Amino acid sequence: MKLMKQEVWRDNPDSMLEAFLDNHTSISIIDIIGRIVYANHKFSELIEIPHHKIVGELNTILKSGRHANPIYKDIWSEIKNGGIWKGIITDYTSSGKLYRLDTMIVPGRNESGSIDKFVAFHFNDQANHDAKLKVISTETPNKTYYNCISNSVLSINAFAEIINSNRGFGKLCEKEVLGCNLYGFINPIFHNKVKQIIRNVFDNAKPDQFQTYGVNSEGEDVVFISQIGPVINTRGIVVSATISTQELKDFSKLSKDISLNIN
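Here it is in structure tokens:
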């Protein structure tokens with residue numbers, strides 16, 4: 025970045041800061057119910073929607089407090105009470121491309137001191153995240169991923185990112201597993217089914233289970249059965265889910281979906 029002369033910054037601090045943020049950060053300002061009242065060009069580029077179609081619409085990244093997903097309810101509960109929310113938000117562009125945002129949301133107050141808007145700063149972390157996954161996938165072939173999920177107990181967030189694990193997987197130690205996506209350790213043909221089950225657990229706060237198959241540590245093709253249960257905070261919000269996975273020995277208990285895929 026080109027260095028800025030000290031006197032230029034001294035005489036125009038607000039405009040210089042605004043110019044910097046506008047060119048390096050995706051910014052949106054939303055009103056108390058989630059409608060966008062301002063968005064810079066970086067935000068428009070990020071979500072792939074023309075600027076003139078954004079203002080007045082609900083923020084597709086933050087949704088609104090009425091949205092069913094608990095993570096959005098948690099965000100809105102925090103910022104409406106005057107807190108600053110920081111975290112990772114994952115969503116899709118209008119063309120279906122996944123993006124992962126390191127986000128900070130700051131409440132804004134009017135002259136009477138009441139909160140009347142929220143300023144959201146988004147830093148696109150998708151490229152960095154993809155680079156980490158590429159390194160992991162290079163070091164550990166996909167088939168190895170499938171053999172390591174049995175006899176494990178792990179916790180995930182609403183985006184299926186592993187936030188705690190009782191063990192490492194394959195060549196990855198326990199710490200290296202943290203932050204990885206669960207789907208990297210599951211046979212891809214089951215991704216859609218597992219995504220739906222995880223979504224239901226977070227939305228409905230009820231336990232469920234899913235069955236997959238892959239390769240165990242002895243190189244044998246086996247079926248895995250995973251129990252998934254919600255972890256609920258004191259406000260009744262599902263903040264994570266715990267998954268316990270074992271090899272299924274009794275093949276008579278296979279679900280119809282698994283049987284069809286195996287045959």
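Residue numbers (my numbering): 25 to 287. Virtual Cβ for every residue (Gly too), placed ideally from N, Cα, C. Computed from a predicted structure; not experimentally measured.
> Quick one: is Gln220 buried, meaning 16 or more other Cβ sit within 10 Å of its Cβ, or exposed?
Replying inline: exposed
> Okay, do the stretch 225–233 and the stretch 247–258 touch, 3+ Cβ pairs below 8 Å being the bar?
Replying inline: Three or more pairs of CB atoms, one per stretch, sit closer than 8 Å, so the stretch 225–233 contacts the stretch 247–258.
> Less than 8 Å separating the beta-carbons of Met128 and Lys110?
Replying inline: yes
> Thinking C-alpha only, which one of Ala182, Glu185 and Leu178 is nearest Gly192?
Replying inline: Among Ala182, Glu185 and Leu178, the Cα nearest to that of Gly192 is on Leu178.
>> If you follow the beta strand (DSSP E) that Lys141 is in, where does it begin and where does it stop?
In response: Ile139 to Asn148
> By how many angstroms is the C-alpha of Asn190 removed from the C-alpha of Thr266?
Replying inline: Their Cα atoms are separated by approximately 11 Å.
> Helix or strand or just coil, what does DSSP make of Ser119?
Replying inline: coil
>> Within 10 Å of its beta-carbon, does Ser119 have 16 or more other beta-carbons around it, so buried, or fewer, so exposed?
In response: exposed
>> Just to confirm my understanding: we take Tyr237, look at its own chain, exclude 5 residues before and 5 after, and list those with CB closer than 6 Å. What are they?
In response: Val247
>> Considering just the uninterrupted stretch of the alpha helix (DSSP H) at Asn216, what are its terminal residues?
In response: His215 to Asn228
> Do you know how far the Cα of Asn64 is from the Cα of Asp232?
Replying inline: 42 Å
>> Taking DSSP's pairing of strands, which residues face Trp109 in a bridge?
In response: Ile129
>> Looking at the secondary structure, which residues open and close the alpha helix (DSSP H) in which Leu70 lies?
In response: His65 to Ile71
>> I'd like to know if the stretch 197–213 and the stretch 132–147 are in contact, where contact means that at least 3 CB-CB pairs between them fall below 8 Å.
In response: no
>> Distance check for Ser68 and His2, CA to CA, integer angstroms please.
In response: As displayed, the chain neither begins before 25 nor continues past 287, which places residue 2 out of reach and without an answer.
> Leaving out five residues before and five after Thr6 in sequence, what residues of the same chain have Cβ atoms less than 6 Å from its Cβ?
Replying inline: Nothing can be reported for residue 6, as the shown portion of the chain is limited to 25 through 287.
> Identify the residues that DSSP records as bridge partners of Glu185: which are they?
Replying inline: Its beta-bridge partners are Asn205.
>> Quick check: Phe145 and Thr49, are their CB atoms within less than 8 Å of each other?
In response: For the pair Phe145 and Thr49, the CB atoms are nearer than the 8 Å cut-off.
> Which partner residues of Gly253 appear in the DSSP bridge assignment?
Replying inline: BP columns for Gly253 point to Thr266.
>> Give me, in chain order, the residues of the same chain whose beta-carbon lies closer than 6 Å to that of Ile108; leave out the 5 immediate sequence neighbours on both sides.
In response: Closer than 6 Å at the Cβ level, and outside the excluded window around Ile108, lie Val130.
> Can you tell me where the beta strand (DSSP E) with Val177 in it begins and where it stops?
Replying inline: Element bounds for Val177: Ser176 to Ile180.
>> Taking 6 Å as the limit between beta carbons, can you name the residues of its chain near Ile99, skipping five residues before and five after?
In response: Trp109
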